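Chemist: Take this structure, written in structure tokens, and hold onto it; I'll ask about it next.
There are 2 protein chains.
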Amino acid sequence: MPARQGYLDELEKLKNDVIKMGSVLEESINNVVTALKKVDGKLAEDIIASDDKIDDYERKIEKACIALIAKQQPVASDLRRVTSIMRIIADVERIADHCADISEYIIKLSNEEEIVMPKYVIEMVYAMKQMVVDTIESFVNEDHDQAERVIAADDIVDDYFEKIMDELCIAMKHNPDKIRQYSEYLMIVKYLERMADHATNIAEWIEFIITGELEIGKQ
Amino acid sequence: MPARQGYLDELEKLKNDVIKMGSVLEESINNVVTALKKVDGKLAEDIIASDDKIDDYERKIEKACIALIAKQQPVASDLRRVTSIMRIIADVERIADHCADISEYIIKLSNEEEIVMPKYVIEMVYAMKQMVVDTIESFVNEDHDQAERVIAADDIVDDYFEKIMDELCIAMKHNPDKIRQYSEYLMIVKYLERMADHATNIAEWIEFIITGELEIGKQ
Chain A
1 MPARQGYLDE
11 LEKLKNDVIK
21 MGSVLEESIN
31 NVVTALKKVD
41 GKLAEDIIAS
51 DDKIDDYERK
61 IEKACIALIA
71 KQQPVASDLR
81 RVTSIMRIIA
91 DVERIADHCA
101 DISEYIIKLS
111 NEEEIVMPKY
121 VIEMVYAMKQ
131 MVVDTIESFV
141 NEDHDQAERV
151 IAADDIVDDY
161 FEKIMDELCI
171 AMKHNPDKIR
181 QYSEYLMIVK
191 YLERMADHAT
201 NIAEWIEFII
211 TGELEIGKQ
Chain B
1 MPARQGYLDE
11 LEKLKNDVIK
21 MGSVLEESIN
31 NVVTALKKVD
41 GKLAEDIIAS
51 DDKIDDYERK
61 IEKACIALIA
71 KQQPVASDLR
81 RVTSIMRIIA
91 DVERIADHCA
101 DISEYIIKLS
111 NEEEIVMPKY
121 VIEMVYAMKQ
131 MVVDTIESFV
141 NEDHDQAERV
151 IAADDIVDDY
161 FEKIMDELCI
171 AMKHNPDKIR
181 QYSEYLMIVK
191 YLERMADHAT
201 NIAEWIEFII
211 TGELEIGKQ
């Protein structure tokens with residue numbers, strides 16, 4: 001088997017695993033939406049428990065990337081593709097971590113006096129989720145325009161964060177007895193904002209795969 | 001030059017760069033302490049601007065790691081050492097990012113009506129900073145016990161976070177006009193808590209270098 005074919009076959013396997021890892025993440029985000037809407041502490045616990053699956057994928061894919069570099073010694077854009085995958089899975093893992101972090105706050109909220117969910121939280125989750133879905137899709141198709149749209153969408157999520165923080169500060173003032181719960185929602189939306197940042201990172205790695213130019217850190 | 005000597009020479013260079021990157025991070029954390037104490041928006045801007053230096057180190061070291069894997073094809077503990085360095089610098093970069101994130105909130109605070117710094121914030125920064133310093137040192141000496149102490153110290157930082165969050169909720173109740181500023185401090189301490197988490201990750205990678213056993217994700 002020619003060396004390049006060996007590289008291509010192994011890369012294909014890698015890509016499939018990344019896509020599978022992305023599906024597990026999407027499922028986790030969907031569960032976060034449900035747990036948030038119902039303030040469901042039990043489901044939140046399940047989300048935390050399922051984080052292991054993502055960690056396992058990360059280790060498996062990383063190992064395969066290293067083995068591929070050592071064995072096939074890819075250069076130029078072939079090497080770029082593999083190293084970018086290593087960075088992408090690290091960001092996917094962080095997003096999944098934040099699903100677990102948010103779940104911890106859902107559990108706290110489920111044990112406290114209920115409050116009405118602050119405005120825009122669900123809209124913010126959906127905006128962030130769309131970024132993740134689009135990122136995975138742009139990875140599959142190496143679609144530069146779609147990756148660009150993900151990066152642009154980060155502003156929308158950031159705006160939601162600012163708007164919700166303003167709303168929460170007003171709500172705390174009017175309902176001082178609920179300050180604890182509002183603070184917990186503030187933590188939750190902070191994590192959502194970070195998740196969108198990680199999706200942006202992934203989109204930038206995808207652009208790097210396609211163009212060879214790295215935008216990360218320039219923002 | 002025998003292959004193994006080539007590996008050892010390149011590894012030595014890598015390690016030195018990681019130590020230099022660690023020094024830049026320490027300087028950045030020291031600046032955060034000063035900027036926090038004085039609520040110094042100008043210094044906070046400098047911290048944000050200096051984040052590029054860390055990003056440059058990360059890219060340079062990562063490139064060198066990949067080149068080393070492709071060229072020297074290390075196996076077993078030699079390979080483990082290189083791949084762990086790639087993970088360590090990613091965590092160092094995140095901690096530096098959070099220095100910049102905190103600085104954004106210091107700038108906001110510097111433009112608002114001044115409030116007394118909430119209790120324990122500075123103690124929390126120092127506890128986190130000590131973890132970072134000890135992590136770098138345990139990396140230099142491959143000191144398993146010191147890495148263990150870093151991991152144990154994470155609980156102290158977490159306790160500070162919980163204590164400060166409680167304090168902030170009470171303070172908000174008593175000073176509803178300062179809720180905005182207290183919310184910003186809440187964001188700052190959340191970042192401090194994350195920074196300690198990243199230091200813990202680094203300590204776990206150092207243990208992995210030494211023992212070959214990975215504790216990450218098991219916590």
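So the sequences go chain by chain: A and B.
For the first sequence, the UniProt record's numbering gives the first residue as 1, with consecutive numbering after it.
For the second sequence, the UniProt record's numbering gives the first residue as 1, with consecutive numbering after it.
In this text, a Cβ means the ideal position worked out from N, Cα and C, and glycines have one as well.
As the structure is a computational prediction, the values presented were derived from the model and not from experiment.
Compute the Euclidean distance between the alpha carbons of Ile-88 (chain A) and Trp-205 (chain A), then round it to the nearest angstrom.
Modeler: Distance between the alpha carbons of Ile-88 (chain A) and Trp-205 (chain A): 7 Å.
Chemist: In angstroms, rounded to a whole number, what distance separates the CA positions of Glu-12 (chain B) and Glu-162 (chain B)?
Modeler: Whole-angstrom Cα-Cα distance: 41 Å.
Chemist: Can you tell me whether His-98 (chain B) is buried or exposed, with buried defined as 16 or more other CB within 10 angstroms of its CB?
Modeler: So His-98 (chain B) counts as buried.
Chemist: Below 7 Å on C-beta distance, what does Gln-73 (chain B) contact in chain A?
Modeler: Per Cβ cutoff of 7 Å: Ala-70.
Chemist: Our contact map puts Leu-14 (chain A) next to Ala-64 (chain A) with C-beta atoms below 8 Å; I'd like the distance itself, whole angstroms only.
Modeler: Confirmed, Cβ separation roughly 6 Å.
Chemist: Do Thr-154 (chain B) and Thr-211 (chain B) have their CB atoms nearer than 9 Å?
Modeler: Note that residue 154 (chain B) is Asp in the sequence shown, not Thr. The answer is no: Cβ separation not under 9 Å.
Chemist: Using DSSP with H/G/I as helix, E/B as strand and the rest coil, what is Glu-167 (chain A)?
Modeler: Here Glu-167 (chain A) sits in helix by DSSP.
Chemist: Assuming Met-124 (chain B) contacts Leu-192 (chain B) (C-beta within less than 8 Å), just tell me the rounded distance between them.
Modeler: Contact holds; Cβ gap of about 5 Å.
Chemist: In this structure, does DSSP put Gln-219 (chain A) in helix, strand or coil?
Modeler: The predicted model places Gln-219 (chain A) with a pLDDT of 40, which falls under 50 and marks its position as unreliable; any figure quoted below should be read in that light. The answer is coil: DSSP assigns Gln-219 (chain A) none of H, G, I, E or B.
Chemist: Excluding five sequence neighbours on each side, which residues of the same chain lie with their C-beta closer than 7 Å to the C-beta of Leu-43 (chain A)?
Modeler: Answer for Leu-43 (chain A): Asn-31, Thr-34, Ala-35, listed in chain order.
Chemist: Helix, strand or coil for Ser-50 (chain A) per DSSP?
Modeler: The answer is coil: DSSP assigns Ser-50 (chain A) none of H, G, I, E or B.
Chemist: Inspect the CB distances between the region 163-177 of chain A and the region 164-181 of chain B and report whether three or more fall short of 8 Å.
Modeler: Counting Cβ pairs under 8 Å, three or more are found: they touch.
Chemist: Starting from the C-beta of Asp-101 (chain B), find all residues in its chain whose C-beta is less than 6 Å away, skip the five residues before and the five after it, and write them out in chain order.
Modeler: So the list reads Tyr-191, once near-sequence residues are dropped.
Chemist: DSSP on Lys-119 (chain A), reduced to helix/strand/coil?
Modeler: In the structure shown, Lys-119 (chain A) sits in coil (DSSP, three-state: anything other than H, G, I, E or B).
Chemist: Taking only the alpha-carbon atoms, compute the straight-line gap between Ile-61 (chain B) and Met-172 (chain A) and give it to the nearest angstrom.
Modeler: Going from the Cα of Ile-61 (chain B) to the Cα of Met-172 (chain A) covers about 46 Å.
Chemist: Pick helix, strand or coil for Gly-22 (chain A), following the three-state DSSP scheme.
Modeler: Here Gly-22 (chain A) sits in helix by DSSP.
Chemist: Taking only three categories from DSSP, how would you classify residue 220 (chain B)?
Modeler: Coverage of chain B is limited to positions 1 through 219, which leaves residue 220 (chain B) absent and any answer about it impossible.
Chemist: Expressed to the nearest angstrom, what Euclidean distance is found between the alpha-carbon atoms of Glu-114 (chain B) and Ile-107 (chain B)?
Modeler: Approximately 12 Å, taken between the alpha carbons.
Chemist: When you compare only the Cα positions, how much space is there between Asn-16 (chain A) and Ile-209 (chain A)?
Modeler: Asn-16 (chain A) and Ile-209 (chain A): Cα-Cα distance of roughly 16 Å.
Chemist: In whole angstroms, what separates the C-alpha of Tyr-57 (chain A) from that of Met-21 (chain A)?
Modeler: Cα to Cα, the separation comes out at about 6 Å.
Chemist: Note the first and the last residue of the continuous alpha helix (DSSP H) segment covering Asn-201 (chain A).
Modeler: That run of the alpha helix (DSSP H) goes 179-211.
Chemist: For a contact meaning CB atoms closer than 8 Å, what does Pro-176 (chain A) contact in chain B?
Modeler: Simply Met-172, Lys-173, Pro-176.
Chemist: By how many angstroms is the C-alpha of Ser-23 (chain B) removed from the C-alpha of residue 222 (chain B)?
Modeler: Any question about residue 222 (chain B) goes unanswered here, given that chain B covers just 1 to 219.
Chemist: Measure the alpha-carbon distance for Ala-49 (chain A) versus Gly-41 (chain A) and round it to whole angstroms.
Modeler: About 12 Å.
Chemist: Comparing alpha-carbon positions, which option in A:Tyr-185, A:Ile-170, A:Ile-122, A:Val-157 lies nearest Val-198 (chain A)?
Modeler: The residue you asked about is not Val; residue 198 (chain A) is His in the sequence shown. Considering only alpha carbons, the answer is A:Val-157.
Chemist: For Ala-90 (chain B), which residues in chain A fall below 7 Å Cβ to Cβ?
Modeler: Going along chain A in sequence order, the residues near Ala-90 (chain B) (Cβ under 7 Å) are Ala-90.
Chemist: So Leu-109 (chain B) is in the alpha helix (DSSP H); what residue range does that whole segment cover?
Modeler: Note, Leu-109 (chain B): alpha helix (DSSP H), 76-110.
Chemist: Starting from the Cα of Asp-52 (chain A), find the closest Cα among A:Glu-93, A:Arg-80, A:Met-86 and give me that residue.
Modeler: When only C-alpha atoms are compared, the closest one is A:Glu-93.
Chemist: Take Gly-6 (chain A) and list the residues in its own chain whose beta-carbon comes closer than 7 Å to its own, dropping the five residues that flank it on each side.
Modeler: So the list reads Gln-72, once near-sequence residues are dropped.
Chemist: Looking at C-alpha atoms only, which residue of B:Glu-207, B:Met-117, B:Ile-188 is the closest neighbour of Phe-139 (chain B)?
Modeler: Closest by alpha carbon: B:Glu-207.
Chemist: Write down the C-beta distance between Arg-149 (chain A) and Asp-134 (chain A) rounded to the nearest angstrom, noting that I regard them as a contact closer than 8 Å.
Modeler: Yes, Arg-149 (chain A) and Asp-134 (chain A) are in contact; Cβ-Cβ is about 6 Å, under 8 Å.
Chemist: Secondary structure at Gln-73 (chain B), three-state DSSP: helix, strand or coil?
Modeler: Looking at Gln-73 (chain B) - three-state DSSP - the assignment turns out to be coil, as it is neither helix nor strand.
Chemist: If Ala-203 (chain B) sits next to Ile-136 (chain B), beta carbons under 8 Å apart, how far is it from one beta carbon to the other, in whole angstroms?
Modeler: Ala-203 (chain B) to Ile-136 (chain B), Cβ: 10 Å. No contact.
Chemist: Would DSSP call Asp-40 (chain A) helix, strand or coil?
Modeler: Here Asp-40 (chain A) sits in coil by DSSP.
Chemist: Helix, strand or coil, according to DSSP, for Asn-16 (chain B) in the structure here?
Modeler: In this structure, Asn-16 (chain B) counts as helix in the three-state DSSP scheme.
Chemist: For a contact defined as C-beta to C-beta under 8 Å, what are the partners of Leu-79 (chain B) on chain A?
Modeler: Within 8 Å Cβ-Cβ: Ile-66, Ala-70.
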